[in-house]
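Numbering-wise (my numbering), the sequence shown opens with residue 155 and increments by one. Cβ coordinates follow ideal geometry from the N, Cα and C atoms, glycine included.
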Amino acid sequence: MKIIISGKNMEITNALKNIVEKKLQKLDRYFNPELVMHATLSVTKNRQIMEVTVPFGDVYLRAEEATDDMYASIDAVVDKMERQIRKQKTKLERRNYGGDSVRFLNLPSMNDEGRDEEEEAQIVKTKRFAIKPMSAEEAVLQMELLGHNFFVFQEAESSDVNVVYKRKDGNYGLIEPEF
């Protein structure tokens with residue numbers, strides 16, 4: 155597995171690079187050697203952020219953690235990635251992604267609580283609602299009024315269905331699908 159390490163608003167020292175590589179090598183047993191893992195370390199105000207993205211096929215595994223200490227963020231991201239891999243094992247194997255990039259050799263089928271996975275997560279509720287044309291700003295206002303962290307709407311100018319969402323940093327994101 156190849157690891158690409160980059161930094162935002164900070165310089166990556168050799169010591170930090172070595173720690174990141176050492177910690178991420180723990181995940182090497184789950185991935186084939188030709189896979190590329192992207193690690194981004196960044197600093198914003200007093201937050202030390204570590205983000206890891208692993209693309210394979212049309213699926214991405216991604217984990218991000220922010221703490222006051224970069225080393226704690228690194229440890230937390232590695233733990234989070236491992237939990238994701240364990241949790242998604244059955245789905246990835248079933249969709250046949252496992253054969254190309256992910257290895258599940260000695261990984262037991264366990265969920266986060268340590269119990270055997272007998273049931274896969276399923277859709278338990280479906281909502282239908284009419285969407286009215288509006289701007290992205292109006293959709294953000296509507297989302298806030300409803301107290302949700304995302305909102306689906308029809309863009310007034312283009313008639314496309316878009317999604318606005320609240321980001322962890324308190325700002326908003328807009329998802330515009332491409333067909």
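Query: Minimum C-alpha distance to E165 - residue among L181, V197 and D229; Result: V197
Query: Proximity below 9 angstroms, CB of R201 to CB of A220; Result: yes
Query: M297 versus F307: straight-line alpha-carbon distance, rounded; Result: 10 angstroms
Query: Spatial neighbours of S160 in its chain, beta-carbon cut-off 7 angstroms, leaving aside the 5 residues before and after; Result: T194
Query: Contacts around L259, its chain only, beta-carbon distance under 8 angstroms, and the 5 residues preceding and following it disregarded; Result: For L259, the predicted structure reports a pLDDT of 48, less than 50, and the residue's modelled location is therefore unreliable. The matter cannot be settled from this model.
Query: In chain order, each beta strand (DSSP E) run of at least 3 residues that lies wholly inside the segment 269-309; Result: 304-309
Query: Per DSSP, cross-strand counterpart(s) of R201; Result: T198
Query: Cβ-based burial, S313 [other Cβ within 10 Å; buried from 16]; Result: exposed
Query: 6 angstroms CB neighbourhood of N163 in its chain, flanking five on each side removed; Result: S196 and V197
Query: Closer than 8 angstroms: A310 CB and nearest the ligand HEM heavy atom; Result: Judged by which ligands are present, the structure shown has none, so any question about the ligand HEM falls away.
Query: Rounded separation between I158 and I285 - CA only; Result: 42 angstroms
Query: Distance between beta carbons of L189 and V208, contact taken as under 8 angstroms; Result: 7 angstroms
Query: Residue(s) in a DSSP beta bridge with L189; Result: In the DSSP output, where bridge partners are listed per residue, L189 has none listed.
Query: Identity of the residue in Y214, D223 and I228 nearest I239 by Cα; Result: Y214
Query: Where D313 falls: helix, strand or coil (DSSP); Result: This sequence places Ser at residue 313; Asp is not what is there. Three-state result, S313: coil.
Query: For L295 and Y151, the rounded distance between their alpha carbons; Result: The displayed coordinates of the chain run from 155 to 333. Any statement about residue 151 would go beyond what the structure contains.
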